[in-house]
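Residue numbers (the working numbering), protein chains in the order written: chain A, 1 to 110; chain B, 1 to 318.
Okay, so here's the structure we're looking at.
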């Protein structure tokens, strides 16, 4: 419950503060958001299967974000930034789908 | 298919461990020797065993997931589960919702807040950036579109400009025609005596004490003035136009358009003063004729003369 409140709070904060993204992290923020979404889906799935562990959740959240951002950064340095960004998004998207599918099976058994 | 074999065992074990709402978890040592941290015993995370903890870690973490993942997934779909796993999942969800805000809940909330904040920021950014986010190919396409649009609009503009020019020149012509007509109407109004006239001209004073000047003499004066280019003539306050009759009255006086004119006659004529004056002074002309009658005639050139008398419009017929 409090997690949902936190999510809403963050959204409202983003709307209210309306910050401008510093140019340095501009290419990484979208990827980081997708990675965080993946971690969130994984966490929810863990809650439903009764295996939720806050330590694992925090670590997976940040490692997901950092690794995704790092891969994009590396891609930028190697001149294949666009392709690697796409690759990361695709992988994360597949993982999100897998996690959501697991959640769906757990909740609806369908 | 190895997973299939594993499934029932895992399910049995979980149901044996306890209900998800107990809030306490048995700190069972893992098969791989790892031990769980105290924080993991929080809130909804209840009937964990280490194998499942690892599976969860694998799910939430990047790549090395493949090992335990499919097993965990199939575990929930198995038909042989004794206390419906679906119900279990709902119970866990409810437990997660109703749990008092512990450390893990707060952490999750914090991370969710970060995610929400970042997502909103990024969405705002994307909305604001517009072109910046687009790839080169898209930019080229947009540029081509804009170029085409520009061309189309320019063609349309040229067309409209041409149309405008046409209309303007048309209205110019109309305006010129109207102007001409107005000038013509003005000239005609002057000639027909319907409008008062103002301009340079001469004033002729004919003093005729013996009333010897005849209508014919007056006609002579008027003729002479007309010959000299008089545009408007007035005799003693009566406008003289083409159809104005100058006749003799019964007692030998002069009738101008039927009205009796009394001497001294004052004749005003608009036109070129010099020409008219000269025309009147010609030897053997009007002046001589009038003076032979014993009358005196003086002319006065005026650079600004006004003839106010008019003939009613439509009253100029023969």
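We treat Cβ as the ideally placed atom computed from N, Cα and C, and that holds for glycine.
Could you list which residues in chain A have their beta carbon closer than 8 Å to that of residue i, in chain order?
{"i": "residue 108 of chain B", "result": "2, 3, 6, 43, 54, 57"}
{"i": "residue 86 of chain B", "result": "106, 107, 108, 109"}
How would you write the range of the alpha helix (DSSP H) that residue i sits in, first residue to last?
{"i": "residue 321 of chain B", "result": "What the structure shows of chain B is the stretch from 1 to 318, and residue 321 of chain B is not part of that stretch, so it cannot be assessed."}
{"i": "residue 226 of chain B", "result": "215-227"}
{"i": "residue 189 of chain B", "result": "136-192"}
From the DSSP output, in three-state form, read off residue i for me.
{"i": "residue 58 of chain A", "result": "helix"}
{"i": "residue 335 of chain B", "result": "Outside the shown range of chain B (1 to 318) lies residue 335 of chain B, about which nothing can therefore be said."}
{"i": "residue 56 of chain B", "result": "Residue placement at residue 56 of chain B is poorly supported in this model, since its pLDDT is 47, which falls under 50; the coordinates are not used for a value here."}
{"i": "residue 205 of chain B", "result": "strand"}
{"i": "residue 211 of chain B", "result": "coil"}
{"i": "residue 232 of chain B", "result": "strand"}
{"i": "residue 120 of chain B", "result": "helix"}
{"i": "residue 84 of chain B", "result": "coil"}
{"i": "residue 126 of chain B", "result": "helix"}
{"i": "residue 289 of chain B", "result": "helix"}
{"i": "residue 104 of chain B", "result": "helix"}
{"i": "residue 269 of chain B", "result": "strand"}
{"i": "residue 311 of chain B", "result": "coil"}
{"i": "residue 249 of chain B", "result": "coil"}
{"i": "residue 41 of chain B", "result": "Interpretation of residue 41 of chain B is limited by its pLDDT of 37, a score under 50 that renders its predicted location unreliable; the figure taken from the coordinates is listed afterwards. Three-state result, residue 41 of chain B: helix."}
{"i": "residue 43 of chain A", "result": "helix"}
{"i": "residue 200 of chain B", "result": "strand"}
{"i": "residue 20 of chain B", "result": "Bear in mind that a pLDDT of 40 at residue 20 of chain B, under 50, signals an unreliable position, so the number given afterwards is only what the model happens to contain. Residue 20 of chain B falls in the coil class under three-state DSSP."}
{"i": "residue 20 of chain A", "result": "coil"}
Ends of the beta strand (DSSP E) at residue i?
{"i": "residue 25 of chain A", "result": "Careful: residue 25 of chain A lies outside any beta strand (DSSP E) and carries neither H nor E."}
{"i": "residue 108 of chain A", "result": "First-last for residue 108 of chain A: 81-108, but that is the alpha helix (DSSP H), not the beta strand (DSSP E)."}
{"i": "residue 242 of chain B", "result": "Where residue 242 of chain B is concerned, there is no enclosing beta strand (DSSP E), given that its DSSP letter is neither H nor E."}
{"i": "residue 254 of chain B", "result": "254-256"}
{"i": "residue 3 of chain A", "result": "Note, residue 3 of chain A: premise wrong, no beta strand (DSSP E); alpha helix (DSSP H) at 2-17."}
{"i": "residue 259 of chain B", "result": "259-261"}
Measure how close the beta-carbons of residue i and residue j come, nearest whole angstrom, since I'm counting them as under 8 Å.
{"i": "residue 92 of chain B", "j": "residue 9 of chain A", "result": "Not a contact, Cβ separation roughly 24 Å."}
{"i": "residue 213 of chain B", "j": "residue 240 of chain B", "result": "That pair is no contact at about 15 Å."}
{"i": "residue 264 of chain B", "j": "residue 205 of chain B", "result": "6 Å"}
{"i": "residue 217 of chain B", "j": "residue 289 of chain B", "result": "6 Å"}
{"i": "residue 79 of chain A", "j": "residue 72 of chain A", "result": "About 13 Å separates the two Cβ atoms, so there is no contact after all."}
Going along chain A in order, which residues have a C-beta closer than 9 Å to the C-beta of residue i?
{"i": "residue 103 of chain B", "result": "54"}
{"i": "residue 131 of chain B", "result": "By Cβ distance, chain A contributes nothing, its closest Cβ being about 14 Å from residue 131 of chain B, past 9 Å."}
For residue i, which residues in chain A fall below 7 Å Cβ to Cβ?
{"i": "residue 92 of chain B", "result": "47, 48, 50"}
{"i": "residue 96 of chain B", "result": "47"}
{"i": "residue 137 of chain B", "result": "Those do not exist, as residue 137 of chain B stays about 11 Å from chain A at its closest Cβ, beyond 7 Å."}
{"i": "residue 162 of chain B", "result": "Ordered by position in chain A, no residue passes the 7 Å Cβ test against residue 162 of chain B, which lies about 48 Å from the chain."}
Give the interface partners of residue i over in chain B, defined as CB-CB distance under 8 Å, in chain order.
{"i": "residue 32 of chain A", "result": "118"}
{"i": "residue 21 of chain A", "result": "121, 122, 125"}
{"i": "residue 11 of chain A", "result": "116, 117, 119, 120"}
{"i": "residue 40 of chain A", "result": "111, 112, 115"}
{"i": "residue 29 of chain A", "result": "118, 121, 122, 125"}
Give me the chain B residues within the contact set of residue i, using Cβ-Cβ distance strictly less than 9 Å, ordered along the chain.
{"i": "residue 37 of chain A", "result": "115, 119"}
{"i": "residue 15 of chain A", "result": "120, 124"}
Quick one: which chain B residues come within Cβ less than 7 Å of residue i?
{"i": "residue 61 of chain A", "result": "111"}
Any C-beta of chain E sitting closer than 8 Å to the C-beta of residue i?
{"i": "residue 144 of chain B", "result": "Structure shown: chain E not included; protein chains present are A and B."}
| query | Can at least three beta-carbon pairs, one atom from the region 247-255 of chain B and one from the region 220-234 of chain B, be found at a separation below 8 Å? | reply | no
| query | For the region 24-41 of chain A against the region 59-72 of chain A, are there 3 or more C-beta pairs whose distance is under 8 Å? | reply | yes
| field | Stretch-stretch touch, CB-based, cutoff 8 Å, three pairs: the region 267-282 of chain B with the region 191-203 of chain B | value | yes
| task | Report yes or no: do the region 178-186 of chain B and the region 219-232 of chain B share at least 3 C-beta pairs separated by less than 8 Å? | result | no
| message | Three Cβ pairs or more, each shorter than 8 Å: is that satisfied between the region 286-300 of chain B and the region 185-200 of chain B? | response | no
| How do the region 97-116 of chain B and the region 55-64 of chain A stand: do at least 3 beta-carbon pairs fall below 8 Å, yes or no? | yes
| request: Give a yes or no on contact between the region 13-22 of chain A and the region 112-121 of chain B, applying the rule of three or more CB pairs nearer than 8 Å. | output: yes
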